[in-house]
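J.:
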């Protein structure tokens, strides 16, 4: 009887490990796809969007603590700009002084899709590329770990 329970618990551990790795890889791949999609859409907006100048109207900040307990602050600025005769106000990432002129890019098909020009170029996307590299490294590490675990 004890031998049967031992085999059964070993089989359940295997099922739990497979479920863990499946969830882990699913989350990583979802994050990777989202990150790459964000980069592609930002580059596409920079290439095909309408470049214009907006005016910073106000800035707000959000602060929270990261996993280490260190504060992280992100700034968002409301930008006013004109398309034809219509005035638009949208929020972009970044901290700008009220009244400051800001170079922006918007999607002519959907004017509410707006970014600063610097967020649509390769230089502004460095952090996103680093994020993709980290996610790829985690994925490679996870696959190599799963393969070595499976072979044991």
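Numbering (our numbering), first residue to last: 2 to 153.
Built from N, CA and C at the ideal position, the CB exists for glycine as well.
Give the C-beta separation of residue 56 and residue 80 to the nearest angstrom, bearing in mind that I take them to be a contact with Cβ-Cβ under 8 Å.
T.: Along the chain shown, one-based indexing puts residue 56 at 55. Along the chain shown, one-based indexing puts residue 80 at 79. So it is a contact: roughly 7 Å between Cβ atoms.
J.: Compute the distance between the beta-carbons of residue 59 and residue 95, then report whether it is under 7 Å.
T.: Taking the chain shown and counting its residues from 1, the one referred to as residue 59 is at position 58. Taking the chain shown and counting its residues from 1, the one referred to as residue 95 is at position 94. No, Cβ-Cβ distance for residue 59 and residue 95 is not below 7 Å.
J.: With distances taken from CA atoms, which of 30, 90, 37 and 21 is nearest residue 127?
T.: Along the chain shown, read from residue 1 onward, the residue named residue 127 stands at position 126. Checking every option, the nearest Cα to that of residue 127 belongs to 37.
J.: If we require 3 or more residues per run, which beta strand (DSSP E) segments fall completely within the segment 49 to 87?
T.: 51 to 66 and 72 to 84
J.: Assuming residue 114 and residue 46 make a contact with CB atoms under 8 Å, what is their CB distance in whole Å?
T.: The residue labelled residue 114 in the question sits at position 113 within the chain shown. The residue labelled residue 46 in the question sits at position 45 within the chain shown. The beta-carbon distance between residue 114 and residue 46, rounded to whole angstroms, is 7 Å. This is short enough to meet the 8 Å contact definition.
J.: Give the C-beta separation of residue 62 and residue 75 to the nearest angstrom, bearing in mind that I take them to be a contact with Cβ-Cβ under 8 Å.
T.: Along the chain shown, one-based indexing puts residue 62 at 61. Along the chain shown, one-based indexing puts residue 75 at 74. Going by Cβ atoms, the distance from residue 62 to residue 75 rounds to 7 Å, so yes, they are a contact pair.
J.: Which class does residue 101 belong to by DSSP, given the choice of helix, strand or coil?
T.: Residue numbering aside, residue 101 sits at position 100 when the chain shown is read from its first letter. Three-state DSSP puts residue 101 in coil, outside helix and strand.
J.: The beta strand (DSSP E) spanning residue 116 covers which residue range?
T.: Position 115 of the chain shown, counted from the start, is the residue given in the question as residue 116. 111 to 117 is the extent of the beta strand (DSSP E) around residue 116.
J.: Quick check on the burial criterion: 16 or more other C-beta atoms within 10 angstroms. Buried or exposed for residue 50?
T.: Residue numbering aside, residue 50 sits at position 49 when the chain shown is read from its first letter. Buried.
J.: With distances taken from CA atoms, which of 119, 107 and 109 is nearest residue 97?
T.: By 1-based counting over the chain shown, the position of residue 97 is 96. Comparing Cα-Cα distances from residue 97 to each of 119, 107 and 109, the minimum goes to 119.
J.: Once the 5 residues before and after residue 108 are set aside, which same chain residues still bring their CB inside 7 Å of it?
T.: Along the chain shown, read from residue 1 onward, the residue named residue 108 stands at position 107. Here the set comprises 46, 50 and 114.
J.: Anyone know if the C-beta pair for residue 20 and residue 121 falls short of 7 Å?
T.: The count along the chain shown starts at 1 and reaches residue 20 at position 19. The count along the chain shown starts at 1 and reaches residue 121 at position 120. Against a cut-off of 7 Å, the Cβ pair of residue 121 and residue 20 comes out as no contact.
J.: Sorted by chain position, which residues of the same chain lie with C-beta nearer than 8 Å to residue 54's C-beta, five sequence neighbours on each side aside?
T.: On the chain shown, residue 54 is found 53 positions in, with the first residue counted as 1. Correct list, in chain order: 82, 102, 103, 104 and 105.
J.: With a threshold of 7 Å between beta carbons, is residue 80 in contact with chain C?
T.: Judged by its chain identifiers, the structure shown contains no chain C, having just a single protein chain.
J.: Excluding the 5 residues flanking residue 32 on each side, which residues of the same chain have their C-beta closer than 7 Å to its C-beta?
T.: Residue 32 sits at position 31 when you count from the first residue of the chain shown. Correct list, in chain order: 136.
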